[in-house]
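Okay, so here's the structure we're looking at.
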Amino acid sequence: MARLVVVSNRVPIPDKSGTAPAGGLAVALQTALEARGGLWLGWSGRSCTDDAVGPLQRLKEGNIEYALTDLTERDVEEYYQGFANRVLWPICHYRLDLAEYGRREMAGYFRVNRFFASRLLPLIEPDDLIWIHDYHLIPLAAELRRQGVTNRIGFFLHIPWPAPDVFHAMPVHEALLTSMTAYDVLGFQTEHDRENFADCLSRHGLGDRLDAFRFTVGERSFTARSYPIGIETDDFAALAKRAAETALHKRMLQSLDGKQLIIGVDRLDYSKGITQRIDAFESFLTRHADSQRKVTLLQITPKSRSEVPEYEAMQRAVAEQAGRVNGALGTVDWVPIRYINRSLRRPALAGLYRMAKLALVTPLRDGMNLVAKEFVAAQNGEDPGVLLLSRFAGAAQELKEAVLVNPYDVEGTADAIARSLAMPVEERRERWTAMMTTLRTNDVFAWCDGFLDDLAAGPTPQQARPAA
Ligand code: F6P
């Protein structure tokens, strides 16, 4: 079996505390790579002055060999905080109003991709399969090709690919689109994303479509498919079951004192619809006054990208909003919203999912959303909680038996909360069973194997090399 070389900006550097890495990419890739083994190159998370970027830091944990690189402060500002998180992220999440395009940041993005290529080159062996992840590294394959790399290279986008009109609002969209054609396999979370990408290509007259999945551009051909990312379903279910016996679980139950738990877990990000969700919860409590003091919303929201101005503003806004609702509706012995800005360890999180009667997963736009999948896997099948899920999360394409909502419709979401809390156990079981079947079929290994089978299926580098 060929060695797998994974590249992503964020790498879940082994952490003895066991704190869950924030974000689906880290969780899913770590699980997949532990099973298969391979090399993982990414950012160390540290930034330093130009002359202090040292050699790669190498470490091995189980089956995974990590190669970590520092970036300069300027790199982090221009590439990560700037272009990746103030241009690509808002655009891919349909927030043109938040995109702050600047030439300096764009140049920094391409420069750091060249830098990643230079760090990767000495590590690559001829038969390696190279798998690059997410929007930070779109031009990486084109850089590697320029340096003569002929290995099979795949790319998986963890976030949505937007409709052409939105994508084209980005001044450098053409360069990015062209660089996507340097890959052999392009993976998207949903069919919708794949179609959006194909539409962008055809609007540009870039390449010919051979069939539903295959394209050619000049001499090159590539495949674009959807591979919905999954979780380790049965393992997560077992983790949640075990967590019910822990001291933390018992303390939490005691503190609820018979109240029903509603849970929300999201990075603090404007794409997650947290303010709309709190509005909906407030509207539910106001219009169903008999539910007051009977339910508690636990919103677990680790801070994210705090150096980016939009995220900093959002931190203040959500904290104020939660405080306002608690001030207006709370009583001396009941707090409607318990709001936490920390990551929890995975077993603790799994136990809380299992305890909850309802999960609110209501992003305004999301590539997949693994919280939705983990919540379902964590349930007790005899008396499962309800998943209330945004139509605009990739997970809604698979989990059709969830209670689907439009998160922009605050009153509609409030009604769905009321309906979900009152749902009879037979209906809850029926919905849960159907969703579990899907989650067992489309688990994280199906995602990884499906992608890598397609990546490995093409010509070997030797066959692909043009005759001298
Ligand atoms: O899953 C999407 C994603 O953007 C990943 O690429 C990323 O690692 C994660 O969310 C968390 O974001 P960040 O790495 O910026 O903290």
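Residue 90 in full-length UniProt numbering sits at position 90 of the sequence shown; the count goes up by one each step and never skips.
All C-beta atoms in this analysis are idealised placements derived from N, C-alpha and C, irrespective of residue type, glycine included.
Quick check on the burial criterion: 16 or more other C-beta atoms within 10 angstroms. Buried or exposed for residue i?
i           : result
G62         : exposed
M106        : buried
V308        : buried
T223        : buried
residue 477 : In the structure displayed, the chain extends from 1 to 468; residue 477 sits before or after that span and is not available.
L186        : buried
S306        : exposed
M1          : exposed
D453        : exposed
G351        : buried
V332        : exposed
A313        : exposed
E143        : buried
T49         : exposed
Q147        : exposed
K373        : buried
L121        : exposed
D257        : exposed
A464        : For A464, the pLDDT reaches just 45, beneath the cut-off of 50, and the residue's location in the model is therefore unreliable, leaving the point undetermined.
I229        : buried
D269        : buried
D184        : buried
I159        : buried
Take residue i and list the residues in its own chain whose beta-carbon comes closer than 8 Å to its own, dropping the five residues that flank it on each side.
i    : result
R291 : Per the sequence presented here, residue 291 reads as Ser, with Arg not at that position. Hits under 8 Å: F284, L285, A418 and L421.
L428 : The sequence given here has Arg at residue 428, not Leu. D383, P384, G385 and V386.
L248 : A348 and G351
E78  : R104, E105, A107, G108, Y109, R111 and V112
T246 : P347, A348 and G351
For my contact list, residue i and residue j are in at a C-beta cut-off of 8 Å; report their separation, rounded to the angstrom.
i           : j    : result
residue 495 : D193 : Coverage of the chain is limited to positions 1 through 468, which leaves residue 495 absent and any answer about it impossible.
D266        : I274 : 6 Å
I13         : E34  : No, I13 and E34 are not in contact; Cβ-Cβ is about 14 Å, not under 8 Å.
Q189        : S226 : 7 Å
L191        : D443 : What sits at residue 191 in the sequence shown is Glu, not Leu. In fact, because the Cβ distance is near 19 Å, the residues do not count as touching under 8 Å.
D199        : P164 : 5 Å
L329        : V361 : With 8 Å as the limit, L329 and V361 do not qualify as a contact, their Cβ atoms being about 23 Å apart.
A322        : A414 : Incorrect: roughly 17 Å between the Cβ atoms, too far for contact.
Rounded to whole angstroms, what's the CA-CA distance from residue i to residue j? Just pull it up for me.
i           : j    : result
S255        : R316 : 27 Å
residue 469 : L39  : Any property of residue 469 remains undetermined from this structure, which presents the chain solely from 1 to 468.
L455        : T150 : 13 Å
N85         : P424 : 43 Å
R152        : W334 : 57 Å
G179        : N369 : Sequence check: residue 179 is Ser here, not Gly. Their Cα atoms are separated by approximately 27 Å.
D449        : F213 : 18 Å
D134        : V318 : 27 Å
A468        : G218 : Annotation note: pLDDT 36 at A468 (below 50); position unreliable, no value reported.
A28         : D383 : 27 Å
L71         : W89  : 20 Å
L98         : M170 : 12 Å
T437        : G381 : 12 Å
P466        : T181 : At P466, the pLDDT of 42 sits below 50, so the modelled position is not reliable; the number obtained from the coordinates is stated separately. For P466 and T181, the distance between alpha carbons rounds to 18 Å.
R103        : K303 : 28 Å
R338        : G54  : 43 Å
R74         : G23  : 24 Å
Y80         : H136 : 7 Å
A395        : G367 : 8 Å
G264        : T216 : 43 Å
E125        : R3   : 9 Å
F156        : E398 : 18 Å
L176        : I138 : 7 Å
E401        : M435 : 6 Å
Y311        : L297 : 22 Å
Return the chain-ordered list of same chain residues with a C-beta closer than 6 Å to the C-beta of residue i, the five sequence neighbours on each side being excluded.
i    : result
A67  : L41, L56 and R58
H93  : S271 and R365
V5   : L39, D128 and I130
E100 : R86
F83  : E105, M106 and Y109
R440 : T233
Which residues in the same chain as residue i place their Cβ atom closer than 7 Å to its Cβ, once the five residues preceding and following it in sequence are excluded?
i    : result
L140 : V7, N113, F116, A117 and I132
V166 : I91, Y94 and L96
L406 : One point to set straight first is that residue 406 is Asn, not Leu, in the sequence displayed. So the list reads R391 and G412, once near-sequence residues are dropped.
Q462 : In this predicted model, Q462 has a pLDDT of only 47, less than 50, meaning its place in the structure is not dependable; the value taken from the coordinates is given anyway. Within the same chain, Q462 has no close Cβ partners at all.
Q379 : R354, G385 and W432
* **Environment of the ligand ATP in chain order, Cβ to heavy atom below 5 Å** => You won't find the ligand ATP in this model; what it holds is the ligand F6P.
* To do: Give, in chain order, every unbroken run of the alpha helix (DSSP H) that is at least 4 residues long and sits entirely within the region 343-400.
  => 346-355 and 370-378
* alpha helix (DSSP H) runs contained entirely in the region 414-461, provided each spans 4 or more residues -> 425-441 and 444-456
* Starting from the N-terminal side, write out each stretch of the alpha helix (DSSP H) that is 4 residues or longer and does not extend beyond the region 10-76. => 24-36
* Which runs of the alpha helix (DSSP H) spanning at least 4 residues fall entirely within the region 297-333, listed in chain order? -> 309-329
* Identify every run of the beta strand (DSSP E) within the region 135-204, keeping only runs that are complete inside it and at least 3 residues long; order them along the chain. => 153-156 and 185-188
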